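Beneath this line is the structure, given in structure tokens, with notes to follow.
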Amino acid sequence: MRIVVLNGVNLDVVGRRDPDVYGGITISELETQIYEWASELDCTVRCRQTNSEGEFVDWCHDALDWADGVILNPGAWSHYSWAIHDAVELFAVPVVEVHLSDVNAREKWRRFSVLEGLVTARVIGKGPEGYREALELLLAKSS
Ligand code: DQA
């Protein structure tokens, strides 16, 4: 199974963001961890991160012909980007939305996601482990 993991805006500096909220893990540690889980779980993963909304949309389009499953953490775009909503709407494969932090326990504006109704599952507030859970959910779907 081929899974694309797209991390969005400000996740490149997640290691410098509030450690009480994000745990202090860097994006490269997170991606290394995801690649390790993928090899344990016997699937192929491609991790990408960008601060450009257009690039994030382009990568969704690229994944249309490549991925059998999609893991998305669009960061703050999750809460307002209808462009990302429209790109994600194109996927015929399962999509899991992941947030490191518990967006429901933070500011009110973080409770809404443009991906609502489009995703197979949401994994929220589980830190890096949430990506492992997302991989497992996608693999369970494909079997
Ligand atoms: C986040 C939650 C978003 O509200 C926030 O804007 C982020 C990170 C998370 O992983 O917890 O940048 O997506």
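Positions 5 to 147 (this note's numbering) are the ones given, in order, by the sequence shown.
For each residue, glycine too, the CB sits at the ideal point set by N, CA and C.
Since the structure is predicted, the reported quantities are computational estimates derived from the model, not experimental observations.
Pick from the options: whose alpha carbon is nearest that of residue i?
{"i": "S85", "options": "L68, V13, V9, V99", "result": "V13"}
{"i": "L150", "options": "A80, A71, K112, F95", "result": "Because the chain is modelled from 5 through 147, residue 150 falls outside the range shown and cannot be assessed."}
{"i": "A125", "options": "S117, E101, L139", "result": "E101"}
{"i": "D22", "options": "K145, S43, G131", "result": "G131"}
{"i": "V8", "options": "Q53, Y26, K112, L15", "result": "Q53"}
{"i": "G19", "options": "E57, A71, L122, E33", "result": "E33"}
{"i": "E44", "options": "L141, S147, R136", "result": "R136"}
{"i": "L122", "options": "V99, G129, W113, G134", "result": "V99"}
{"i": "N109", "options": "A91, D16, I128", "result": "It is Ala, not Asn, that sits at residue 109 in the sequence shown. Among A91, D16, I128, the Cα nearest to that of A109 is on I128."}
{"i": "A96", "options": "E35, G27, S146, Y26", "result": "S146"}
So what does residue i bridge to, in DSSP terms?
{"i": "Q53", "result": "N11"}
{"i": "V74", "result": "V8, V99"}
{"i": "T48", "result": "R6"}
Thinking C-beta only, is residue j closer than 8 Å to residue i?
{"i": "H89", "j": "L68", "result": "no"}
{"i": "L94", "j": "F60", "result": "no"}
{"i": "L141", "j": "A42", "result": "no"}
{"i": "R6", "j": "T48", "result": "yes"}
How about residue i: is its Cβ closer than 7 Å to a heavy atom in the ligand MN?
{"i": "L104", "result": "Looking at this structure, you won't find the ligand MN anywhere; what it does contain is the ligand DQA."}
Compare the C-beta of residue i against all C-beta atoms of chain B and say whether one is closer than 8 Å.
{"i": "R21", "result": "No chain B appears in the structure shown, which is made up of a single protein chain."}
- Item | Contained alpha helix (DSSP H) runs [length at least 4] in the stretch 87–128, N- to C-terminal order | Listed in chain order, nothing qualifies, since the stretch 87–128 has no complete alpha helix (DSSP H) run of 4 or more residues.
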